[in-house]
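Heads up: the sequence lines are chains A and B, in that order. The numbers in my numbering rise by one with no breaks, and the one at position 101 of the first sequence is 111. The numbers in my numbering rise by one with no breaks, and the one at position 36 of the second sequence is 40. Beta carbons: idealized from backbone N, C-alpha and C, even for Gly. Just so we're clear, the structure is a prediction, and the values are computed from it rather than from any experiment. The structure appears below as structure tokens.
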Amino acid sequence: SQQGEEDPQALSIQEGENATMNCSYKTSINNLQWYRQNSGRGLVHLILIRSNEREKHSGRLRVTLDTSKKSSSLLITASRAADTASYFCAITQGGSEKLVFGKGTKLTVNP
Amino acid sequence: ETGVTQSPTHLIKTRGQQVTLRCSSQSGHNTVSWYQQALGQGPQFIFQYYREEENGRGNFPPRFSGLQFPNYSSELNVNALELDDSALYLCASSSPTNEKLFFGSGTQLSVL
Chain A
11 SQQGEEDPQA LSIQEGENAT MNCSYKTSIN NLQWYRQNSG RGLVHLILIR SNEREKHSGR
71 LRVTLDTSKK SSSLLITASR AADTASYFCA ITQGGSEKLV FGKGTKLTVN P
Chain B
5 ETGVTQSPTH LIKTRGQQVT LRCSSQSGHN TVSWYQQALG QGPQFIFQYY REEENGRGNF
65 PPRFSGLQFP NYSSELNVNA LELDDSALYL CASSSPTNEK LFFGSGTQLS VL
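Okay, here's the thing in structure tokens:
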């Protein structure tokens, strides 16, 4: 079963706008990661945030984590057409090395 | 590019057949994980291999099996294929000191 759930399922914005995607999960976590997938091919790691961290930045990406609400958000600022992709959150739990993915948010950035 | 390569890129099989998918991990990575991604869904963990031993398995039947070789490359074998096995199969490699995964481009399997 998939623990993470992204919201919204699909998001369409104009170039230059910000895009915010949310992820909720059900259990305690070790860390939460965000991945990007273009056209149903391989996933690319974007950012990892540990359970004791609240916010991380990487370039135009900002990730927040609220463990009390079991939720995370990914903000992409000043979006570009090349950011068009599906974005997935994934969690690791306990002593397990496996990543548990959500169903993803499909982002479309219109030029 | 992640340095993880998968072959073949596409494959068409019929129900009941067997299939072998291959993955070469990124240099320096001794851990390989396999994921199944159905259309419109997120990847689902199949299993992980570390130093040639299975190191965790998801909720998949025994007809899904794997191997890891001394050079850390890996195979995923699926016996008695079913229509629902149609999916994108993703291989990912990682190192013990880094929790992030490096994914290959996947093998798109269609079972007719």
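Nearest-angstrom Cα separation, counted from residue j out to residue i
{"i": "PRO66(B)", "j": "SER77(B)", "result": "21 angstroms"}
{"i": "ARG90(A)", "j": "SER38(A)", "result": "34 angstroms"}
{"i": "SER11(A)", "j": "GLN45(B)", "result": "Reliability of the predicted coordinates at SER11(A) is poor, the pLDDT of 44 falling under 50, and the value obtained from them is presented with this limitation in mind. Approximately 11 angstroms between the Cα atoms of the pair."}
{"i": "THR101(B)", "j": "PHE68(B)", "result": "28 angstroms"}
{"i": "THR35(B)", "j": "SER98(B)", "result": "5 angstroms"}
{"i": "LYS66(A)", "j": "LEU56(A)", "result": "11 angstroms"}
{"i": "ARG46(A)", "j": "PHE64(B)", "result": "25 angstroms"}
{"i": "ALA84(B)", "j": "THR24(B)", "result": "12 angstroms"}
{"i": "PHE51(B)", "j": "LEU75(A)", "result": "27 angstroms"}
{"i": "SER22(A)", "j": "GLU58(B)", "result": "41 angstroms"}
{"i": "CYS99(A)", "j": "TYR39(B)", "result": "15 angstroms"}
{"i": "GLU63(A)", "j": "GLU15(A)", "result": "20 angstroms"}
{"i": "SER68(A)", "j": "SER61(A)", "result": "18 angstroms"}
{"i": "VAL8(B)", "j": "PRO121(A)", "result": "32 angstroms"}
{"i": "SER37(B)", "j": "LEU58(A)", "result": "18 angstroms"}
{"i": "GLY70(B)", "j": "GLN10(B)", "result": "14 angstroms"}
{"i": "THR77(A)", "j": "VAL82(B)", "result": "38 angstroms"}
{"i": "ILE101(A)", "j": "SER34(A)", "result": "10 angstroms"}
{"i": "SER114(B)", "j": "GLY114(A)", "result": "22 angstroms"}
{"i": "GLU86(B)", "j": "ILE16(B)", "result": "12 angstroms"}
Proximity winner among the options, relative to residue i (alpha-carbon distances)
{"i": "TYR53(B)", "options": "LYS113(A), VAL119(A), PRO121(A), SER106(A)", "result": "SER106(A)"}
{"i": "THR111(B)", "options": "TYR35(A), TYR45(A), LEU53(A), MET31(A)", "result": "LEU53(A)"}
{"i": "LYS80(A)", "options": "HIS67(A), ASN32(A), LEU117(A), GLN24(A)", "result": "ASN32(A)"}
{"i": "SER28(B)", "options": "THR101(B), HIS14(B), LEU80(B), LYS104(B)", "result": "LEU80(B)"}
{"i": "ASN28(A)", "options": "LEU109(A), ILE86(A), THR118(A), ILE101(A)", "result": "ILE86(A)"}
{"i": "GLN72(B)", "options": "GLU56(B), VAL82(B), ARG61(B)", "result": "GLU56(B)"}
{"i": "LYS36(A)", "options": "GLY114(A), GLU63(A), GLN103(A)", "result": "GLN103(A)"}
{"i": "ARG26(B)", "options": "LEU116(B), LYS104(B), ALA96(B)", "result": "ALA96(B)"}
{"i": "LEU116(B)", "options": "THR18(B), VAL36(B), TRP38(B)", "result": "THR18(B)"}
{"i": "LEU105(B)", "options": "LEU87(B), ALA42(B), ASN75(B), HIS33(B)", "result": "HIS33(B)"}
{"i": "GLY62(B)", "options": "VAL110(A), SER34(A), LEU42(A)", "result": "VAL110(A)"}
{"i": "GLN30(B)", "options": "GLN41(B), SER109(B), SER114(B)", "result": "SER109(B)"}
{"i": "LEU94(B)", "options": "GLN21(B), GLY20(B), GLN48(B), LEU15(B)", "result": "GLN48(B)"}
{"i": "ASP88(B)", "options": "LEU43(B), PRO12(B), GLN10(B), SER11(B)", "result": "LEU43(B)"}
{"i": "GLN24(A)", "options": "LYS113(A), ASN48(A), GLY112(A), ALA92(A)", "result": "ALA92(A)"}
{"i": "ARG72(A)", "options": "ARG51(A), TRP44(A), ASN48(A)", "result": "TRP44(A)"}
{"i": "HIS14(B)", "options": "GLY112(A), SER34(A), LEU42(A), ARG51(A)", "result": "ARG51(A)"}
DSSP bridge partner residues for residue i (one or two, in chain order)
{"i": "ASN120(A)", "result": "GLN24(A)"}
{"i": "PHE51(B)", "result": "TRP38(B), ARG61(B)"}
{"i": "LEU84(A)", "result": "MET31(A), VAL73(A)"}
{"i": "ALA100(A)", "result": "GLN43(A), PHE111(A)"}
{"i": "GLY70(B)", "result": "LEU80(B)"}
{"i": "VAL23(B)", "result": "VAL82(B)"}
{"i": "SER28(B)", "result": "THR9(B)"}
{"i": "ALA95(A)", "result": "LEU117(A)"}
Whole-angstrom C-beta distance between residue j and residue i, which should lie under 8 angstroms
{"i": "GLN19(A)", "j": "LYS116(A)", "result": "7 angstroms"}
{"i": "ALA88(A)", "j": "ARG70(A)", "result": "6 angstroms"}
{"i": "THR30(A)", "j": "SER83(A)", "result": "6 angstroms"}
{"i": "GLN41(B)", "j": "ALA91(B)", "result": "6 angstroms"}
Contact test: residue i Cβ vs the ligand ATP heavy atom, cutoff 7 angstroms
{"i": "ALA88(A)", "result": "The ligand content of the structure shown is nil, which means the ligand ATP is not present either."}
C-beta neighbour in chain C for residue i, strict 8 angstroms
{"i": "GLU107(A)", "result": "The question asks about chain C, but that chain is absent: this structure's protein chains are A and B."}
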